[in-house]
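To start, the structure under review is shown below, and the notes come after it.
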Amino acid sequence: MNLGLQLTPHHIWCGHLAITSDFLEQVKVEQSMDQELQQKIRLLDTDQAKEFVLSKDGILRFKNRVCIPAKSELKHLILDEGHKSRLSIHPGMTKMYKDLKESFWWNGMKRDVAEFVAACLVCQKAKVEHKKPGGMLRQLDIPQWKWDSISMDFVTHLPKSSK
């Protein structure tokens, strides 16, 4: 909330700007329908849910992070925004998880982030894997007779084409 006040000899200007988001309202609605999170709310102030708190806005939080229901469309929205937005530009699994875990929490979050990043076609095409390069290539011996030596090359783990 921003509040501005300007005094002039003949006028007083007062302004108020409030920025709201439907996202937190959507979180609140989905939390109210999720059995697991409702159980956490009932167990508040016990040892079973000591890290959870119900904030003033009525949203369940875990260590000050918004709790997202396990079976929620919000998860996909958060993952999509955290990976493909103009500000994030396709981060890898570790950076994306680190960024998202500052604000959000759900069971299996790390696994979901890893699966989402691994399924990104743009990342599969563009990202360089940080593995040791294969060993030096060896020239095959020249066979003495036809069909004396047979070899094959296997090309695997190619990304699927868009067609």
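Per the UniProt record's numbering, the very first residue in the sequence shown carries number 1; after that it's consecutive. Here a beta-carbon is modelled for each residue, glycine too, at the ideal position from N, C-alpha and C.
(1) Taking 8 angstroms as the cut-off, decide whether the C-beta atoms of V117 and M136 are in contact.
(2) List, from N- to C-terminal side, the alpha helix (DSSP H) runs of 4 residues or more that fit wholly inside the stretch 27-81.
(3) Are the stretch 69-87 and the stretch 97-109 touching by the rule of at least three beta carbon pairs closer than 8 angstroms?
(4) Terminal residues of the continuous alpha helix (DSSP H) containing S113?
(5) Where does F23 sit, in a helix, a strand or coil, going by DSSP?
Taking the structure as given:
(1) Stepping through the sequence shown from its first residue, residue 117 is reached at position 117. Stepping through the sequence shown from its first residue, residue 136 is reached at position 136. In this structure, M136 does not lie closer than 8 angstroms to V117 by Cβ.
(2) 35-42
(3) yes
(4) Residue 113 sits at position 113 when you count from the first residue of the sequence shown. Reading off the sequence shown, one finds Val at residue 113, where the question assumed Ser. Element bounds for V113: M109 to A118.
(5) Within the sequence shown, residue 23 is the residue found at index 23, counting from 1. In the structure shown, F23 sits in a helix (DSSP, three-state: H, G or I).
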